[in-house]
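In what follows, a single structure is set out as structure tokens and then discussed.
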Amino acid sequence: MAVLAIAEHDNGVLKSATLPTITAATRLGEVTVLVAGADCQTVAEQAARIAGVARVVVADDAAYAHGLAEPLADLVVSLAGRYDAVLAPATTFGKNLLPRVAALLDVAQISEVVSIVAADTFVRPIYAGNALATVHSVDPVKVMTIRGTAFDPAAASGGNAAIETLAAGGASGGKSAFVSRQISKSDRPELTAAKVVVSGGRGMGSGANFALLEAVADKLGAAVGASRAAVDSGFVPNDFQVGQTGKIVAPDLYIAVGISGAIQHLAGMKDSKVIVAINKDADAPIFQVADYGLVADLFQVLPELAMELSK
Numbered sequence: 008m009a010v011l012a013i014a015e016h017d018n019g020v021l022k023s024a025t026l027p028t029i030t031a032a033t034r035l036g037e038v039t040v041l042v043a044g045a046d047c048q049t050v051a052e053q054a055a056r057i058a059g060v061a062r063v064v065v066a067d068d069a070a071y072a073h074g075l076a077e078p079l080a081d082l083v084v085s086l087a088g089r090y091d092a093v094l095a096p097a098t099t100f101g102k103n104l105l106p107r108v109a110a111l112l113d114v115a116q117i118s119e120v121v122s123i124v125a126a127d128t129f130v131r132p133i134y135a136g137n138a139l140a141t142v143h144s145v146d147p148v149k150v151m152t153i154r155g156t157a158f159d160p161a162a163a164s165g166g167n168a169a170i171e172t173l174a175a176g177g178a179s180g181g182k183s184a185f186v187s188r189q190i191s192k193s194d195r196p197e198l199t200a201a202k203v204v205v206s207g208g209r210g211m212g213s214g215a216n217f218a219l220l221e222a223v224a225d226k227l228g229a230a231v232g233a234s235r236a237a238v239d240s241g242f243v244p245n246d247f248q249v250g251q252t253g254k255i256v257a258p259d260l261y262i263a264v265g266i267s268g269a270i271q272h273l274a275g276m277k278d279s280k281v282i283v284a285i286n287k288d289a290d291a292p293i294f295q296v297a298d299y300g301l302v303a304d305l306f307q308v309l310p311e312l313a314m315e316l317s318k
């Protein structure tokens, strides 16, 4: 099979979510990576060094500078006839792009793939991860988003793929246009790439109390996350949300503080290697998935934990 994996990047650095996607792609056949952006040659060179990549195609055009889904979808569709499968990370980027690609190709999208059984058979979670569905596709082009936590990242070095530049397509972006972007800056690691994540829920009480979490996170070099309840309550921004409708994470250590453990949240973090739960409710569902649990008042535990980590 010929497989097209779409790289997620910021025109300067390849996003880590691309690496598990390439691992999944190598299980299907020969992998070509599409790098679409503006002044993105550095990203193309990074992609060419990834183990398992046979070829990198670069679309360098101002229309692709900001990752708008409409011009990108047109580009992918124009290339799709050469490939048996099109893959992208199951991130905000991939979830925004591939449904448009699938619709334009008139095929079904297979979302959040966690296992590849055969070239036409895949496994994906359903019912918030409580069940797994095995999907057999007869579509001529398989369009899939890949859950990064289910596949090991491809080695970022060791490859030597050829780089091919595509002719400028003159994409206009259709009915969408880039206006502006507001990016929250933080010295902490990105949530989906962090080895340690400390998350707070409705039990935190207010956004100001997240400072207690941040003190612990800074000592651990961790990212800060939140449950949907905390986000909906306005405690923290949407990009902190971990869960089925937020970000899927699988760090080495996940610390859930004041989170009851609703199924929506568990779907986003239950693959973490070690789960620690802190909650004053001994019957909270989070304790059913936790490796370690502490029934205690978080407002007492967090300052004590930060103090111990400072020693």
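Reading the sequence shown from the start, the letters are residues 8 to 318 in this note's numbering. Glycine included, each C-beta is placed from N, C-alpha and C at the ideal position.
Worksheet item: Which word fits residue 145, buried or exposed, when buried means at least 16 other C-beta atoms lie within 10 angstroms of its C-beta?
Response: Residue 145 comes out exposed.
Item to complete: Would you list the residues sitting across from residue 11 in a DSSP beta bridge?
Response: According to DSSP, which records beta bridges pairwise, residue 11 is partnered with 39 and 93.
Worksheet entry | residue 96 versus 275, 28 and 168, residue with shortest Cα-Cα distance | Of the listed residues, the one whose Cα sits closest to residue 96 is 28.
Practice prompt. Could you tell me if residue 258 is buried or exposed, where buried requires 16 or more neighbouring beta carbons within 10 angstroms of its beta carbon?
Written response: By the 10 Å Cβ count, residue 258 comes out buried.
Item to complete: Please list, in chain order, all residues of the same chain as residue 278 whose beta carbon is under 6 angstroms from its beta carbon, the five residues on each side excluded.
Response: Cβ neighbours of residue 278 within its own chain (closer than 6 angstroms, five residues either side excluded): 156 and 257.
Worksheet item: Measuring CB to CB, does residue 128 end up less than 8 angstroms from residue 15?
Response: At a Cβ-Cβ threshold of 8 angstroms, residue 128 and residue 15 do not count as neighbours.
Worksheet entry | Per-residue DSSP class, three states only, for residue 50 | It is helical.
Fill in: Straight-line Cα distance separating residue 77 from residue 70
CA-CA distance, residue 70 to residue 77, rounds to 10 angstroms.
Fill in: Inter-residue Cα distance where the pair is residue 138 and residue 308
Their Cα atoms are separated by approximately 35 angstroms.
Worksheet entry | Within 8 angstroms, strictly: CB atoms of residue 249 and residue 229 | Not closer than 8 angstroms, so no.
Practice prompt. Could you check what DSSP says for residue 246 in three-state terms: helix, strand or coil?
Written response: Residue 246 falls in the helix class under three-state DSSP.
Worksheet entry | Segment contact, 8 angstroms Cβ cut-off, at least three pairs: the segment 73-91 with the segment 107-127 | With the cut-off at 8 angstroms, the segment 73-91 and the segment 107-127 touch.
Worksheet item: For residue 280, which residues from the same chain have a beta carbon less than 6 angstroms from its beta carbon, with the 5 sequence-adjacent residues on both sides left out?
Response: Setting aside the 5 residues that flank it on each side, residue 280 is surrounded in the same chain by 259, each with a C-beta closer than 6 angstroms to its C-beta; the list follows chain order.
Worksheet item: To which residues of the same chain is residue 294 closer than 6 angstroms at the C-beta, ignoring the five residues directly before and after it?
Response: Closer than 6 angstroms at Cβ, skipping near neighbours: 284 and 300.
Worksheet entry | residue 41 and residue 80 closer than 8 angstroms at C-beta | Cβ atoms of residue 41 and residue 80: not closer than 8 angstroms.
Worksheet item: Can the beta-carbon of residue 94 be found less than 8 angstroms from the beta-carbon of residue 183?
Response: No.
Discussion item. Suppose contacts are defined by Cβ-Cβ distances below 8 angstroms. Is residue 153 in contact with residue 34 by that definition?
Written reply: Cβ atoms of residue 153 and residue 34: not closer than 8 angstroms.
Fill in: CB contact flag (residue 56, residue 163, <8 angstroms)
Remark: C-beta atoms of residue 56 and residue 163 approach each other more closely than 8 angstroms.
Discussion item. With H, G and I counted as helix, E and B as strand and the rest as coil, what does DSSP make of residue 302?
Written reply: Reduced to three states, the DSSP call for residue 302 is strand.
Practice prompt. With a cut-off of 8 angstroms on the beta carbons, I'd call residue 316 and residue 223 a contact; round off their distance for me.
Written response: Yes, they are in contact, since the Cβ atoms of residue 316 and residue 223 sit about 7 angstroms apart, within 8 angstroms.
Worksheet item: Which runs of the alpha helix (DSSP H) fall wholly inside the segment 76-135 and span at least 4 residues, in chain order?
Response: List check, alpha helix (DSSP H) in window: 76-87 and 99-112.
Worksheet entry | Same chain, Cβ closer than 6 angstroms to residue 234, neighbours up to 5 away in sequence not counted | Around residue 234, the same chain offers 208, 266 and 272 as residues with beta carbons nearer than 6 angstroms, after the five sequence neighbours per side are excluded.
Discussion item. So, under 8 angstroms CB-CB, residue 161 and residue 268 are touching, yes? Tell me the CB distance rounded to an integer number of Å.
Written reply: Going by Cβ atoms, the distance from residue 161 to residue 268 rounds to 33 angstroms, so no, they are not a contact pair.
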